[in-house]
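J.: Handing you this structure, nothing more for now.
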Amino acid sequence: MEHSALDHLLAPGGITPMYQPIYEVSDGAPALYGFECLSRGPRGTNFESPDVLFDYVRLKRQEIVIDRACIAAALRNLPHLDDGVRISINVHASTLGRDPSFTEFLANTCRDTRVAPSHVTVEIVEHAPPWDNDAFQRALASLRQLGASIALDDVGLGQSNFKMLLDASPEFLKLDRYFVDGCTNDPKRRAVISSIEELARRFGARVIAEGVETEEDLATVRAIGVSLVQGFLFSKPMTAVELTVH
Amino acid sequence: MTEQKARILIVDDEELIVQAMRKYFSGLGYAVDAAFELEEAQALLGHYKYDLVIADLRLTGIGGVEGLQIVADVHQKCASTRVILLSAYGTPEIERESYQRGADAFLHKPKAMMEIAHVAVNLLDTR
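Sequences listed follow chains A and B, in order. Just so you know, the working numbering puts 13 at position 13 of the first sequence, and the rest follows in order with no gaps. Just so you know, the working numbering puts 1066 at position 66 of the second sequence, and the rest follows in order with no gaps.
Rendered as structure tokens:
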């Protein structure tokens, strides 16, 4: 008997969207800047872990269908948000390089869910090149024409390297928790964060620090110049119901 | 110091077999995860460390030898992880190749759960 988890993931309710707030902390009290949409597989399965879920998807080479399913679930379940609050969605670079109608799909999903594309940030995640760079560039251009912004996830890790920075020219650089966690007591981590912040400034981009869990690390990244943050210090990822209450 | 429970990954596309093995080895006090597909097993192996993997040789129905890939993946990730391959179709050539790739045991189905557990416990004891 063959048992494919992919069918379960693509069935209604197979993907549970979660939302983690991103805060602006440049001055005064933290102000809500946006939400990053995250995805979880069915509860009680291996795919409840996003790491396992997306490694499985990449090994099955099903990034396109799962990226679409995650985005559709995230935007359809999204409660009404105040004007100006941004929504980040995760997309594999390989999806952008291989799915010529991705922008059309996003435009239609935004229209159906009444989300302004100009409030959407497409976070590029990538773990395994190659993809068609011309098609990738066309996808980025069409997303920007739609009004969306581009973020590069996991900067400094894996494939999110300098070449990707040049290719994508993102408006946001996501600083992985690996660099943030414990940065207060680690000068080398602080050096990495400073260099990425400097790089972002030269690109005209902003850094978003992920995995901020302590007041000390928050103060450290702020002192370096990072003013957009997310992490358990502020909030864990929430379901749509929890988000409504929040 | 409390001894850490050994962690076992069971890989088989037959849900009933997975359920039975999960119940049996959990009852022996092991932490048990299960995967039904090669890619699901590979994703788990990428994120968790297992002491023992018990995998069916064939996961796709006809002619597959995905178990050999699992043996290779396990030994690339962690040399101390033990691997038992199970098969109802294992030829002497496949069995030989399994051992060459690093399998610690190759068991022919059908096999009583107690016999599988006996091999598993011995392998875990000799890590």
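Beta carbons: idealized from backbone N, C-alpha and C, even for Gly.
Could you pull the DSSP bridge partners for A/F172 from this structure?
T.: Sequence index remark: in the first sequence, residue 172 of chain A carries index 172 (1-based). Answer by DSSP bridge pairing, in chain order: A/A151 and A/R206.
J.: For the alpha helix (DSSP H) containing A/A69, list its first residue and its last residue.
T.: Sequence index remark: in the first sequence, residue 69 of chain A carries index 69 (1-based). Taken as a continuous stretch (DSSP letters only), the alpha helix (DSSP H) holding A/A69 covers E63 to N77.
J.: If you draw a straight line from the alpha carbon of A/S235 to that of A/T184, how long is it in whole angstroms?
T.: Taking the first sequence and counting its residues from 1, one reaches residue 235 of chain A at position 235. Taking the first sequence and counting its residues from 1, one reaches residue 184 of chain A at position 184. Near 20 angstroms, if we compare the C-alpha coordinates of A/T184 and A/S235.
J.: If I measure Cβ to Cβ from A/T95 and keep anything under 7 angstroms in the same chain, skipping five residues before and after, which residues do I get?
T.: Counted from its first residue, the first sequence places residue 95 of chain A at position 95. Answer for A/T95: E63, I64, D67 and F102, listed in chain order.
J.: Rounded to whole angstroms, what's the CA-CA distance from A/A73 to A/P17? Just pull it up for me.
T.: Indexing the first sequence from 1 puts residue 73 of chain A at position 73. Indexing the first sequence from 1 puts residue 17 of chain A at position 17. Near 6 angstroms, if we compare the C-alpha coordinates of A/P17 and A/A73.
J.: Could you check what DSSP says for A/P100 in three-state terms: helix, strand or coil?
T.: Within the first sequence, residue 100 of chain A is the residue found at index 100, counting from 1. Three-state result, A/P100: coil.
J.: Going by DSSP, which residues form a beta bridge with B/I1084?
T.: Walking along the second sequence from the start, residue 1084 of chain B turns up at place 84. The partner list for B/I1084 (beta bridge, DSSP) reads B/I1054 and B/A1105.
J.: Quick check on A/V125: buried or exposed, where buried means 16 or more other Cβ atoms within 10 Å of its Cβ?
T.: Position 125 of the first sequence, counted from the start, is the residue given in the question as residue 125 of chain A. Classification of A/V125: buried, given that the 10 Å Cβ count is 16 or more.
J.: Is it a yes or a no for the stretch 20–30 of chain A touching the stretch 48–63 of chain A, going by three-plus beta-carbon pairs under 8 angstroms?
T.: No, the stretch 20–30 of chain A does not touch the stretch 48–63 of chain A.
J.: Say yes only if the C-beta of B/A1031 is nearer than 6 angstroms to one or more non-hydrogen atoms of the ligand FMN, and no if none qualify.
T.: Ligands are entirely absent from the displayed structure, and the ligand FMN is therefore not among its contents.
J.: In three-state DSSP terms, what is A/I15?
T.: If you number the first sequence from 1, residue 15 of chain A lands on position 15. Correct three-state label for A/I15: coil.
J.: Looking at the strands, I want to know which residues DSSP matches up with B/M1114.
T.: Within the second sequence, numbered from 1, the residue matching residue 1114 of chain B stands at position 114. Per DSSP, none; premise fails for B/M1114.
J.: Give the secondary structure of A/V229 by DSSP, where H, G and I count as helix, E and B as strand, and everything else as coil.
T.: Residue mapping note: residue 229 of chain A aligns to position 229 of the first sequence, counting from 1. Three-state DSSP puts A/V229 in a strand.
J.: If you follow the alpha helix (DSSP H) that A/F179 is in, where does it begin and where does it stop?
T.: On the first sequence, residue 179 of chain A is found 179 positions in, with the first residue counted as 1. Segment R177 to V180, the alpha helix (DSSP H) holding A/F179.
J.: State the Cα-Cα distance for the pair A/G204 and A/L38, rounded to the nearest angstrom.
T.: Numbered from its first residue, the first sequence carries residue 204 of chain A at position 204. Numbered from its first residue, the first sequence carries residue 38 of chain A at position 38. The straight-line gap from Cα to Cα measures roughly 26 angstroms.
J.: According to DSSP, what are the bridge partners of A/V212?
T.: One-based indexing of the first sequence puts residue 212 of chain A at position 212. In the DSSP output, where bridge partners are listed per residue, A/V212 has none listed.
J.: Give the residues of chain D in contact with A/A5, contact being defined as C-beta atoms less than 8 angstroms apart.
T.: This model lacks chain D altogether, as its protein chains are A and B.
J.: Kindly indicate which three-state DSSP category A/F234 falls into: helix, strand or coil?
T.: Along the first sequence, one-based indexing puts residue 234 of chain A at 234. Coil.
J.: Quick check on B/P1092: does DSSP put it in helix, strand or coil?
T.: One-based indexing of the second sequence puts residue 1092 of chain B at position 92. In the structure shown, B/P1092 sits in a helix (DSSP, three-state: H, G or I).
J.: By the three-class DSSP mapping on this structure, what secondary structure does B/F1036 have?
T.: In the second sequence, the residue the question calls residue 1036 of chain B occupies position 36. Residue state, collapsed to three classes: coil.
J.: Closer than 7 angstroms by C-beta to A/S227: which residues in its own chain qualify, once you throw out the five before and the five after it? Chain order, please.
T.: The sequence position of residue 227 of chain A within the first sequence is 227, counting from 1. Within the same chain, A/S227 has close Cβ partners E24, V25 and S26.
J.: So what does DSSP say about B/R1022, is it helix, strand or coil?
T.: Along the second sequence, read from residue 1 onward, the residue named residue 1022 of chain B stands at position 22. Reduced to three states, the DSSP call for B/R1022 is helix.
J.: Where do the ends of the alpha helix (DSSP H) carrying A/S142 lie?
T.: In the first sequence, residue 142 of chain A corresponds to position 142, counting from 1. N133 to L146 is the extent of the alpha helix (DSSP H) around A/S142.
J.: Does A/G44 come out as helix, strand or coil in the three-state DSSP assignment?
T.: As a first step, residue 44 of chain A is located in the first sequence; it is residue number 44 there, counting from the start. If DSSP states are grouped into helix, strand and coil, A/G44 belongs with coil.
J.: Taking all protein chains shown into account, do 16 or more other C-beta atoms lie within 10 angstroms of the C-beta of A/Q230, making it buried, or fewer, making it exposed?
T.: For the purposes of this step, residue 230 of chain A is identified with residue 230 of the first sequence, where counting begins at 1. A/Q230 comes out buried.
J.: Is it true that the CB of A/I193 sits closer than 7 angstroms to the CB of A/F172?
T.: Indexing the first sequence from 1 puts residue 172 of chain A at position 172. Indexing the first sequence from 1 puts residue 193 of chain A at position 193. It is not a contact, given that the beta carbons lie outside the stated cut-off.
J.: So, helix, strand or coil for A/E24, using DSSP?
T.: Numbered from its first residue, the first sequence carries residue 24 of chain A at position 24. The answer is strand: DSSP assigns A/E24 an E or B state.
J.: Check B/G1027 in the structure and name its three-state DSSP category.
T.: To locate residue 1027 of chain B, count along the second sequence from 1; it is residue 27. Of the three classes helix, strand and coil, the one that applies to B/G1027 here is helix, per DSSP.
J.: Indicate whether B/A1035 and B/A1041 have their beta-carbon atoms separated by less than 7 angstroms.
T.: As a working note, residue 1035 of chain B is residue 35 in the second sequence. As a working note, residue 1041 of chain B is residue 41 in the second sequence. Result yes, Cβ atoms of B/A1035 and B/A1041 sit closer than 7 angstroms.
J.: Specify, as a first and last residue, the run of the alpha helix (DSSP H) that A/L9 falls within.
T.: Here the question's residue 9 of chain A lines up with position 9 in the first sequence. Note, A/L9: alpha helix (DSSP H), A5 to L10.
J.: Along the beta strand (DSSP E) that carries B/E1066, what are the first and last residues, could you check?
T.: Position 66 of the second sequence, counting from 1, holds the residue named residue 1066 of chain B. No beta strand (DSSP E) holds B/E1066; the alpha helix (DSSP H) holding it covers E1066 to K1077.
J.: Where DSSP assigns a beta bridge to A/H119, which residues make up the other side?
T.: On the first sequence, residue 119 of chain A is found 119 positions in, with the first residue counted as 1. Partner(s): none; A/H119 has no beta bridge.
J.: Alpha carbons only, please: which of A/N133, A/G97 and A/I89 is nearest the one belonging to A/S118?
T.: As a first step, residue 118 of chain A must be located in the first sequence, where it is residue number 118. With distances taken between Cα atoms, A/S118 lies closest to A/I89.
J.: Out of A/E242, A/D176 and A/D134, which has the shortest C-alpha to C-alpha gap to A/V221?
T.: One-based indexing of the first sequence puts residue 221 of chain A at position 221. Nearest option by C-alpha distance: A/D176.
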